Amino acid sequence: WLSCPVSSWCSEPLGFVKNLQVIDPTTSTLNVRWDAAEGNVREYIIVYIPTAGGEQEVDQVSGTTTTTVLKELNPDTEYTVTVVPVYHEMEGLSRSQNGKTSELN
1 WLSCPVSSWC SEPLGFVKNL QVIDPTTSTL NVRWDAAEGN VREYIIVYIP TAGGEQEVDQ
61 VSGTTTTTVL KELNPDTEYT VTVVPVYHEM EGLSRSQNGK TSELN
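According to full-length UniProt numbering, the sequence shown is numbered sequentially starting from 1.
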């Protein structure tokens with residue numbers, strides 16, 4: 001029954017961001033915003049990858065930040081964006097949302 005190294009890990013559920021949105025597309029950027037995860041978040045890791053496949057990129061922001069801009073993206077491309085809260089000893093639960101950059105005119 002001692003499956004948790006620290007008892008508080010057992011009692012506190014893993015947090016996750018809420019209301020994840022990928023908005024305001026341009027030809028090379030997407031804005032990502034979310035509501036903070038519960039608990040004392042050290043940082044957020046943002047992973048994004050073209051939905052159809054391709055190279056994964058990783059960004060990170062401080063635990064008090066709830067928005068970021070993904071840059072140098074390809075135009076007219078759908079991306080899957082995943083945000084993971086990072087706590088002192090562990091990662092929380094991931095949440096994903098898709099967003100698509102604008103076409104070149």
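Cβ coordinates follow ideal geometry from the N, Cα and C atoms, glycine included. For clarity, every value in this text was computed on a predicted model and none was experimentally measured.
Limits of the beta strand (DSSP E) - the one that Leu70 falls within
Residue mapping note: residue 70 aligns to position 70 of the sequence shown, counting from 1. Looking at the DSSP string, the run of the beta strand (DSSP E) that includes Leu70 is 67-70.
I need the DSSP call for Gly39, collapsed to helix, strand or coil.
Start at 1 with the first residue of the sequence shown, and residue 39 comes out as number 39. In the structure shown, Gly39 sits in coil (DSSP, three-state: anything other than H, G, I, E or B).
According to DSSP, what are the bridge partners of Thr64?
Here the question's residue 64 lines up with position 64 in the sequence shown. Per DSSP, none; premise fails for Thr64.
Glu103 (DSSP reduced to helix, strand or coil):
Within the sequence shown, numbered from 1, the residue matching residue 103 stands at position 103. In the three-state reduction of the DSSP assignment, Glu103 falls in the coil class.
Rounded to the nearest angstrom, how far is the Cβ of residue 118 from that of Ala37, given a contact under 8 Å?
Nothing in the structure corresponds to residue 118, since the chain is present only between 1 and 105.
Between Ser7 and the rest of its own chain, which residues show a CB-CB distance below 6 Å, the 5 nearest in sequence each way excluded?
The residue given as residue 7 occupies position 7 in the sequence shown. Low per-residue confidence applies at Ser7: pLDDT is 48, beneath 50, and the placement is therefore not dependable enough to give any value.
Pull up the distance between the alpha-carbon of Asn31 and that of Thr68, whole angstroms please.
The residue labelled residue 31 in the question sits at position 31 within the sequence shown. The residue labelled residue 68 in the question sits at position 68 within the sequence shown. Computed Cα separation, rounded: 6 Å.
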